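A quick write-up on the structure given underneath.
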Amino acid sequence: MSLGAVRKLEGKVAVLTASTSGIGYSIAKKLAMDGAKVMLSSRKSDNVERAVKQLRSECEGVSVEGVVCHVGKDDHRKNLIKETVSKFGRLDILVSNAAVNPMTEGTLMTSESAWDKIFEVNVKAAALLVKEAHPHLVASGSGAVVFVSSAAGYVPNPFLGAYSASKSALLGLTKALAEELAPDNIRVNCIAPALFSNMSVCVIWKDPLVQEIQKRRNPTWRIGETDECAGAVAFLCSDEASYITGETIPLTTVESARL
Ligand code: NAP
Numbered sequence: 029m030s031l032g033a034v035r036k037l038e039g040k041v042a043v044l045t046a047s048t049s050g051i052g053y054s055i056a057k058k059l060a061m062d063g064a065k066v067m068l069s070s071r072k073s074d075n076v077e078r079a080v081k082q083l084r085s086e087c088e089g090v091s092v093e094g095v096v097c098h099v100g101k102d103d104h105r106k107n108l109i110k111e112t113v114s115k116f117g118r119l120d121i122l123v124s125n126a127a128v129n130p131m132t133e134g135t136l137m138t139s140e141s142a143w144d145k146i147f148e149v150n151v152k153a154a155a156l157l158v159k160e161a162h163p164h165l166v167a168s169g170s171g172a173v174v175f176v177s178s179a180a181g182y183v184p185n186p187f188l189g190a191y192s193a194s195k196s197a198l199l200g201l202t203k204a205l206a207e208e209l210a211p212d213n214i215r216v217n218c219i220a221p222a223l224f225s226n227m228s229v230c231v232i233w234k235d236p237l238v239q240e241i242q243k244r245r246n247p248t249w250r251i252g253e254t255d256e257c258a259g260a261v262a263f264l265c266s267d268e269a270s271y272i273t274g275e276t277i278p279l280t281t282v283e284s285a286r287l
């Protein structure tokens, strides 16, 4: 694959969490193809090394580096931002993509430790990462943050009550930070994917019958490919979206998440 003709992110530097596979990797690839210098990250160093190599080989000429970052760890978050600025000299774009779901039971069956884990990784880490990136996003002159929520943030998934609530929280966080950071010329937006082909968060989604129901609820009659999340994020990060902040783009209709 060669670099895109329209490089709308030329000159920008992007950092992404949980970006060594799945939706995160697809977004990283698109941002790099659109001209951004990209810092990939995830918890495991072998995944980071593999993803950096893969992206360099899939997209000739891209500028990509990688660093280990477990978003639940304060020192990892700090190091992610520090390494990005030290490698690339600035920071314009933060894509917060990491999420966990350690359980698939009813909401009231969720243990306290599972609640803590879900909200720590899916919500708190996302907010604290923005805090870490904030001075650099201010310095960039036109910063952009994108959170990865879920259709479950609008239409809670059965057996994923706590996860769904954490994804609803990201919709609120998007609005709150958009207001707070607008004076710094930092835009904060969000995407809400429905069901994508790599979905691993809950075994029920792998059931062929459930997948069939999902397809029928979806106007496109199909499950999304991870690359289909990437264009929306690249747009939200670009100057083409300079008057969009505090918004969430569903991919595709959130109603398709209903079982
Ligand atoms: P995935 O395939 O499960 O992605 C896993 C990625 O996350 C890997 O790079 C993994 O690498 C990294 N990771 C896991 N835990 C991490 C942590 N604590 N800190 C940093 N990195 C971590 O995920 P996905 O399905 O693409 O989902 C990505 C985002 O989209 C999530 O926020 C998810 O809630 C949302 N979403 C997905 C779907 C879907 O259908 N796929 C639908 C709606 C919303 P390591 O193992 O090396 O850490």
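Residue numbers 29 to 287, in my numbering, belong to the letters of the sequence shown in order.
Ideal placement from N, C-alpha and C gives every residue a C-beta, glycine not left out.
Since we're looking at a predicted model, the values are computed, not measured.
Please return the same chain residues whose Cβ sits closer than 7 Å to the Cβ of Phe375, not counting the five positions on each side in sequence.
Any answer about residue 375 is impossible in this case: the structure gives the chain only from 29 up to 287.
Evaluate Gly89 with the Cβ neighbour count: other Cβ atoms within 10 Å of its Cβ, from every protein chain shown; 16 or more gives buried, anything less gives exposed.
Gly89 comes out exposed.
By the DSSP assignment, the beta strand (DSSP E) with Leu122 in it spans what residues?
It spans Ile121 to Ser124 - the beta strand (DSSP E) in which Leu122 sits, taken as one unbroken run.
Per DSSP, Leu237 forms a beta bridge with which residues?
According to DSSP, Leu237 bridges with nothing at all.
Roughly how many whole angstroms lie between the Cα atoms of Ser70 and Tyr271?
Each residue's alpha carbon lies about 31 Å from the other.
For Arg35, three-class secondary structure by DSSP
Coil at Arg35, not helix or strand.
Supposed close pair Cys257, Leu279 - CB separation, criterion 8 Å:
Yes, they are in contact, since the Cβ atoms of Cys257 and Leu279 sit about 6 Å apart, within 8 Å.
Considering only their Cβ atoms, is the gap separating Gly252 from Ala222 smaller than 9 Å?
A contact, by the Cβ cut-off of 9 Å.
Exposure label - Met67; buried when at least 16 CB within 10 Å
Buried is the label assigned to Met67, since at least 16 other Cβ atoms lie within 10 Å of its Cβ.
Buried or exposed (CB count within 10 angstroms, at least 16 for buried), Ala65:
Correcting the residue type first, residue 65 is Lys in the shown sequence and not Ala. With 16 or more other Cβ atoms within 10 Å, it is buried.
Is it the case that the CB of Thr276 approaches a heavy atom of ligand 2 more closely than 8 Å?
Among the ligands modelled here, namely ligand 1, ligand 2 does not occur.
Would the region 117–126 and the region 155–168 be scored as touching if the rule is three or more Cβ pairs under 8 Å?
When C-beta atoms of the region 117–126 are compared with those of the region 155–168, three or more pairs fall below 8 Å, so the two segments count as touching.
Name the two residues that bound the continuous beta strand (DSSP E) containing Val261.
Residue range Asp255 to Cys265 is occupied by the alpha helix (DSSP H) that includes Val261, with no beta strand (DSSP E) assigned at that position.
Does any heavy atom of ligand 1 sit closer than 8 Å to the C-beta of Arg245?
For ligand 1, not one heavy atom lies less than 8 Å from the Cβ of Arg245.
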